[in-house]
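The structure appears below as structure tokens.
Protein chains: 4
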Amino acid sequence: MTDSNARIAILGASGYTGSELVRLLLRHPRVEIVALTADRKAGQSMAEVFPQFAPFALPRLTTIDEVQWNGVDLVFCALPHGTTQLVIKKVFETAPHVKVVDLSADFRLRDAGAYESWYGHPHQALELQQEAVYGLVELYRDDIRKARLVANPGCYTTTAILPVVPLIEAGAIEPDSIVVDAKSGVTGAGRAAKENLLYTEVTDGMHAYGVGSHRHMAELDQEFSKAAGRSLTPSFTPHLVPMSRGIYATIYLKTGAGVGAEGVHRVLADFYRGEAFVHVLPLGQVPQSRFVKGSNMTFIGVVQDRAPDRVIVVSTTDNLVKGASGQAVQNMNLVLGYPETTGLEQIALFP
Amino acid sequence: MTDSNARIAILGASGYTGSELVRLLLRHPRVEIVALTADRKAGQSMAEVFPQFAPFALPRLTTIDEVQWNGVDLVFCALPHGTTQLVIKKVFETAPHVKVVDLSADFRLRDAGAYESWYGHPHQALELQQEAVYGLVELYRDDIRKARLVANPGCYTTTAILPVVPLIEAGAIEPDSIVVDAKSGVTGAGRAAKENLLYTEVTDGMHAYGVGSHRHMAELDQEFSKAAGRSLTPSFTPHLVPMSRGIYATIYLKTGAGVGAEGVHRVLADFYRGEAFVHVLPLGQVPQSRFVKGSNMTFIGVVQDRAPDRVIVVSTTDNLVKGASGQAVQNMNLVLGYPETTGLEQIALFP
Amino acid sequence: MTDSNARIAILGASGYTGSELVRLLLRHPRVEIVALTADRKAGQSMAEVFPQFAPFALPRLTTIDEVQWNGVDLVFCALPHGTTQLVIKKVFETAPHVKVVDLSADFRLRDAGAYESWYGHPHQALELQQEAVYGLVELYRDDIRKARLVANPGCYTTTAILPVVPLIEAGAIEPDSIVVDAKSGVTGAGRAAKENLLYTEVTDGMHAYGVGSHRHMAELDQEFSKAAGRSLTPSFTPHLVPMSRGIYATIYLKTGAGVGAEGVHRVLADFYRGEAFVHVLPLGQVPQSRFVKGSNMTFIGVVQDRAPDRVIVVSTTDNLVKGASGQAVQNMNLVLGYPETTGLEQIALFP
Amino acid sequence: MTDSNARIAILGASGYTGSELVRLLLRHPRVEIVALTADRKAGQSMAEVFPQFAPFALPRLTTIDEVQWNGVDLVFCALPHGTTQLVIKKVFETAPHVKVVDLSADFRLRDAGAYESWYGHPHQALELQQEAVYGLVELYRDDIRKARLVANPGCYTTTAILPVVPLIEAGAIEPDSIVVDAKSGVTGAGRAAKENLLYTEVTDGMHAYGVGSHRHMAELDQEFSKAAGRSLTPSFTPHLVPMSRGIYATIYLKTGAGVGAEGVHRVLADFYRGEAFVHVLPLGQVPQSRFVKGSNMTFIGVVQDRAPDRVIVVSTTDNLVKGASGQAVQNMNLVLGYPETTGLEQIALFP
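Chains as they are written, first to last, in full-length UniProt numbering: chain A, 1 to 351; chain B, 1 to 351; chain C, 1 to 351; chain D, 1 to 351.
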């Protein structure tokens, strides 16, 4: 541990995005975890909550109030939406020097009205909402470097925005007929004990949920509309699939005349050339979700459908890594001036 | 066993649709299984091939050539496509009195050119192809009663055609913008030993396959086009999901003005009122694949998307039952003049 | 529905043993379900709680207090242990004519001291405890026929007692060195929302639990000791395995001199000859749990270990069927004088 | 890449232990992968065989004959048993300077007669068999440092030997009554396309296999007998469980008078104090297989059974890491004089 190591706090360390942050940061050479909070499990060790950490030295879980902010450089906030905005507001009041990477939905929407309409109540930290930078690194890298508060994107939205926004911006597709059929692993639902997330209710079968009403649509609307320069409302249907991790988005697009899959593929291959965490497969190939499991990668495939103007784009991420904690560390690296890939070199665990 | 019991042969009894036929027919009060074939496993008992049948008396597996056709009233053909047409041709030559329910793809397409184009060779039994009746019971019930050769539909197509064809026929939807995002359990791929179907390659992840080129599209084209009165080429993407059984189709539709989800729901609820094996959920509800597992049911749900003219329809079946062997028994019941639901009363096994 | 159909109530219909009873009884030709209770979900339909029943007519869920006992002939009690004894006591006070098949642990132990010691409180219905018959049909068939209150055995214990008790009784094994390594599917833990039963906590891994202290040992002790004529305390370790259904017991036995696997196999094959629901495989073969899934079968295999006096016996059941609701229906058939296999003909659902 | 980086070849890179070696070595700071072989897939890229490696630069697959041995410092051999001994013999003839870590079973047994008896043919490289060092690092560390040929232990045996051998050596247990009930994830069976390893045959159920005859018993016999100073033949039953990775061994032991679980725990805690890859849980706790998934850790738990002289020890590893490729890298680190934990710091991927 050198003086230059950043001191990190994780608020909400007893959930899956929290444990995933711990997994990544324990092996990050430039940080030290100095505080872990979990209000209802305060006093317990991480080994009690996640026994895989038993061999490692980690701070004991505390309440948020017990955190010594003067010893913290950057905080990851992995708390439920709604309470997050109040917590972060208070953190900044107490410790204006800290940087925040927030994994909740609270600061992802720039528009106060959109937030209120999707979440059913006015935002409680409007100034911070305006200040926050949307932390989709490949699209907002420069802004993130300068940010104090980064709103880490959702897992569904990361997976869909990465392939679609460059295509809208390039004018390669008709932005009004986008259909995103998305499938999620079960960790996306978190660790709360709910009947509908029991093994027995989720294994060996699948289902759609939140059809026509899932809140992640707000993020899609925001980013797709920004790219198009006008308001878009894509079709988006999430499904729960019996796998631990993974978002798999099958995206149906109509291209402009003469564009086709080849044109779509060229736009994406060019856009992501040189990116460490986005890999565009050769034209005609589609990824499997397992090829990114445990890694910070996004794999994208492009296939020509039967009509010349219909293209199917498939995109996949690990919802806990590039879809949450990995991207959060990627954001942290930018905010702290570290090389962007530090601590994120893990290769997918397959099989 | 009464004199009136039909004597049944199953060709291809060592595969999953074969074993599923045995499971259903062993408990069917009006049939007797008199012959089971499996060319490469001839000589073995069913208990060796599928030990769950060990407690039951069943004929030993033989080659097709060993079947005594004069003692057979109806034959289920669960063989690979291509060879099937030759086998059935020969069966009819040898034993014109038998009825055939074929579970392969060989007789599903009415158009000889379409068959040749999708399967890469001319059909070898063109007369039979013309004679065959497409065995989607809820749409072709009267024809099936009179048929000698029934072409049992595919699992993907059953799941998609049941909700979509009535909507096309009713003029409730725009037939040119149909998107069928379909997900399949792994039994749909059969029992052949292939690396890509190993547990280790399929579990805890998912992927699309056959994108833009899956042969089941030929059946969709045929039935959707027949309903529309003109040629349609819907988008259809199959996915492999880590579950044993189940087809889950998420279907994106555009409705005519003023129709919306309510209109779509009304058409389907009316069309399937009184049907034993198609259940339309209340408007706004979507099914889970597990609610039909092991049963001959199709569950259909209809949800309004965000735009008034966009509707999402979800449909699910068990690919081995309503998507294969259950529907085959349903066809058998019609062909033999039995009540349609006989032997198909099993309720879904959940959890 | 004929006059002779028995009228059935199910207390605790919103759990998995409750829904499994409904699955079986809906297809039982001699019963009618007249009452379903679920205190916390009273007022809901079964279709809301288990959508697979949506196509079927069933009574709405009520509280226990709302049951009209004069219209009930037999009640299945699928309630948590502890409260069960109070409920059944009251049922008999209100309606002495009803028969009860209890699926909880409350009446399985005959010894009041053993109950108190394992469950931490004195039994609240001691007279009924003495009256209750242990409902392991193959061992207690004659007593069950005359019983008013049947204590349906546990899933682990059914799976272990069926192969071991006949061996102890025959003097074929040394009763002091029995090791039962048992593995359970997740439905064995019920439908309560608990963090440790979430899909994400159970899938793709396994673990032992209750090591050295699981309450099912009390039942093993009771039945093994009864067979031996003296007190036994076998080793028993339960494990949770990522499968929905199934108990799989690997049992390590030492045989008397000259007995070996052949002698063990002969005892079991003789004992279970003619039994509909216990199938002893040929010597040297072991079952898979999937060969009994969804059926009321127990499959037993016997293998010689490397030393001549060491034998490994493997036994498997579906914990929700022969391990719970199927055996309960088997008990009901005996109590009501129906043929023992009525309504239990379902063949295992594999794959 | 510095001059001091060791140049590594992997023979058999298209299997799961091969891909796991690639996963680990790509992130190892002191090695360079210079050759990858896969005879039947020679000419393909690793990305074609394992698409998760698509973003990384790796040598194309070749035949073994194409390897340039003068540019290789150490070779991992991940080939089937039987052929391995011939390949390694030839490698040493061609390139006496290379070090070999062999992941097959070919060099694990020191006794030529035992090899012949378990594998059915005489060993083809007897001198190398005598030279080989058994690569269970925690037990043979000093020998491994000096070895030219390391026989990497099996996954079952690693998991069982680590907890049991120190107990035999300490005289804490009766060595004649050891029962090892072991459960394996499916990757343990490799990537060969076999019907019994299909997803549909393995998911949602479990079974024992190789009962009384599994070849890994030869390794257990060897190491247990060596520790005891006399011949032992423990009971060992392997099971296949629906999980990708993981060995989970439940071990039934009898202790000497006055030892009990506390004594057993003390022996193991003392023995493994300071070991990076073996973690002994607090007395009374048992591990889950998921707490080591993807890591090189072994977790061991000790629990008192009901009788004072009966103890249950539970041990778990990831069969592809500590049970194969991770331990192979650990061996490589010793052979090459690197710090033992280099490149093996990955933390378990849970959930």
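Yeah, the Cβ is synthetic: ideal placement off N, Cα and C, and Gly gets one too. Treat the numbers as computed from the prediction; the structure is a model and nothing was measured.
Just the chain C side, please: which residues come within less than 9 Å of residue i by C-beta, in chain order?
i: Arg-191 of chain A; result: Glu-195, Leu-198, Thr-200 and Glu-201
What does the Cβ neighbour count give for residue i, buried or exposed, with the cut at 16 atoms within 10 Å?
i: Thr-203 of chain B; result: buried
i: Ser-325 of chain B; result: buried
i: Asn-196 of chain A; result: exposed
i: Ala-270 of chain A; result: Looking at the sequence provided, one finds Asp at residue 270 of chain A rather than Ala. Flag for Asp-270 of chain A reads exposed.
i: Thr-37 of chain D; result: buried
i: Gly-256 of chain D; result: exposed
i: Leu-232 of chain A; result: buried
i: Thr-94 of chain D; result: exposed
i: Ala-192 of chain B; result: exposed
i: Asp-176 of chain C; result: exposed
i: Ala-13 of chain B; result: buried
i: Ser-19 of chain B; result: buried
i: Asn-70 of chain C; result: exposed
i: Gln-304 of chain A; result: buried
i: Ala-261 of chain A; result: buried
Since residue i and residue j should fall inside the 8 Å C-beta cutoff, what is the C-beta to C-beta distance between them, to a whole number of angstroms?
i: Ala-328 of chain B; j: Leu-21 of chain B; result: 7 Å
i: Asn-319 of chain D; j: Ile-247 of chain D; result: 5 Å
i: Ala-151 of chain B; j: Ala-249 of chain B; result: Not confirmed; about 20 Å, so no contact.
i: Cys-77 of chain D; j: Leu-61 of chain D; result: Between Leu-61 of chain D and Cys-77 of chain D the Cβ distance is about 15 Å, and since that is not below 8 Å, they are no contact.
Taking the continuous beta strand (DSSP E) assigned at residue i, which residues delimit it?
i: Ala-182 of chain C; result: 179 to 184
i: Lys-254 of chain B; result: 247 to 254
i: Glu-32 of chain B; result: 31 to 37
i: Gln-304 of chain C; result: 298 to 304
i: Asp-204 of chain C; result: No beta strand (DSSP E) contains Asp-204 of chain C, which DSSP labels as neither H nor E.
i: Pro-238 of chain A; result: 235 to 240
May I ask which residues mark the beginning and end of the alpha helix (DSSP H) holding residue i?
i: Ser-225 of chain B; result: 216 to 228
i: Pro-55 of chain B; result: Element bounds for Pro-55 of chain B: n/a, residue is neither H nor E.
i: Asp-143 of chain B; result: 137 to 145
i: Arg-23 of chain D; result: 16 to 25
i: Ser-117 of chain D; result: 112 to 119
Chain B partners of residue i, CB-CB under 7 Å?
i: Ser-289 of chain D; result: Those do not exist, as Ser-289 of chain D stays about 14 Å from chain B at its closest Cβ, beyond 7 Å.
Residues of chain D with CB closer than 7 Å to the CB of residue i, please, in chain order.
i: Thr-233 of chain C; result: Arg-306 and Ala-307
Can you pull the chain E residues whose beta carbon is under 9 Å from the beta carbon of residue i, in chain order?
i: Phe-236 of chain A; result: Among the protein chains in the structure shown, which are A, B, C and D, there is no chain E.
Which chain C residues are close to residue i, counting only those with a beta carbon under 7 Å from its beta carbon?
i: Asp-181 of chain D; result: Asp-181 and Thr-250
Below 8 Å on C-beta distance, what does residue i contact in chain D?
i: Thr-187 of chain B; result: Thr-200
i: Gly-294 of chain A; result: Gly-294 and Leu-349
Residues of chain B with a CB under 8 Å from the CB of residue i: which are they?
i: Asp-204 of chain D; result: Ser-244
i: Val-286 of chain A; result: His-207, Ala-208, Tyr-209 and Val-211
i: Ala-269 of chain C; result: None at all; the shortest Cβ gap to chain B is about 13 Å.
i: His-265 of chain C; result: Chain B residues near His-265 of chain C: none, gap ~15 Å exceeds 8 Å.
- Task: Could you please tell me which residues of the stretch 296 to 309 of chain B, in chain order, have their CB closer than 8 Å to any CB of chain D?
- Result: none
- Short-range partners of chain D found in the stretch 9 to 34 of chain B, where Cβ spacing is below 9 Å: Tyr-16
- Quick one: which residues of the UniProt domain "Semialdehyde dehydrogenase NAD-binding" (7 to 147) of chain B get their C-beta closer than 9 Å to a C-beta of chain A? List them in chain order. none
- Near-chain D residues of the stretch 206 to 217 of chain C (beta-carbon distance less than 7 Å), N- to C-terminal order: Met-206, His-207, Ala-208, Val-211 and Gly-212
- Relative to chain B, which residues along the stretch 307 to 328 of chain A have a C-beta separation below 7 Å, given in chain order? Ala-307, Arg-310, Ile-312 and Val-314
- Taking a cut of 7 Å between CB atoms, which residues from the stretch 243 to 260 of chain A lie near chain B? Met-243, Ser-244, Gly-246, Tyr-248, Thr-250 and Tyr-252
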